[in-house]
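In UniProt numbering, the protein residues as written are 1 to 128.
By construction, the Cβ of each residue, glycine as well, lies at the ideal position given by its N, Cα and C atoms.
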Amino acid sequence: MSSELGILALYGLLVSVILVVQVLTALTQVGLPMLARPRDDMPRLTGVAGRMQRCLSNSVVAMALFAPAVLILVLREATGSGTLLAAQVFLVARAAYAVIYPAGIPWLRTGVWALGFLATLYLYIAAL
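Structure (structure tokens):
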């Protein structure tokens, strides 16, 4: 397994943790009966629970962009020190995002999001 694939696996674990935290914060706000049923009439989550819901959604989108870039690089055998560093930057930025967004720190959140996104773009450029 390449290091970039290992980072992809670690990011999958991070997204799984974000999912569990999101469910737990939603549980405290709307209760288990609401979460157990079809959620057609679920109230809008607010505060930390709402931010965790958006953090999870954003993290899944980031996974959808990051994973293909890593897989392309590995299949093309185009990994190297630059792609490894970009993948590491992505993972650290996304871990920071998962803490900063729920905490409600707007400018820092935007900065770490941009850093992770730029790292992903670098991976696609390296794959070309």
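Annotation for Ala127: Ala69, Ile72, Leu73, Arg76 and Ala78 place their beta carbon closer than 8 Å to its own, counting only its chain and skipping 5 residues before and after.
By the beta-carbon neighbour count (other beta carbons within 10 angstroms, threshold 16), Ser16 is exposed. Val112 sits buried, since 16 or more C-beta atoms from the chains shown fall within 10 Å of its C-beta. Annotation: Pro33 to Tyr97 spans about 30 Å, alpha carbon to alpha carbon.
Cβ-Cβ distances below 7 Å link Ala62 to Arg94 and Gly116 in the same chain, with the five nearest sequence neighbours on each side left out; the list follows chain order. DSSP places Glu4 in the helix class (H, G or I) of the three-state scheme. Cβ atoms of Tyr11 and Phe66 come within 8 Å of each other, at about 7 Å. Pairing Ile105 with Leu56 gives a Cβ-Cβ distance that is not under 8 Å.
The Cβ-Cβ distance between Phe90 and Ala119 falls below 8 Å. If the five residues before and after Val48 are omitted, its C-beta is found closer than 7 Å to the C-beta atoms of Thr25 and Pro102, all from its own chain and listed in chain order. When DSSP states are grouped into helix, strand and coil, Ala127 belongs to the helix group. Rounded to the nearest angstrom, the Cβ distance from Val99 to Met52 is 11 Å, too far for a contact under 8 Å.
Spatial neighbours of Gln88 in its own chain (CB-CB distance under 7 Å, excluding positions within 5 residues in sequence) are listed in chain order as Ile7.
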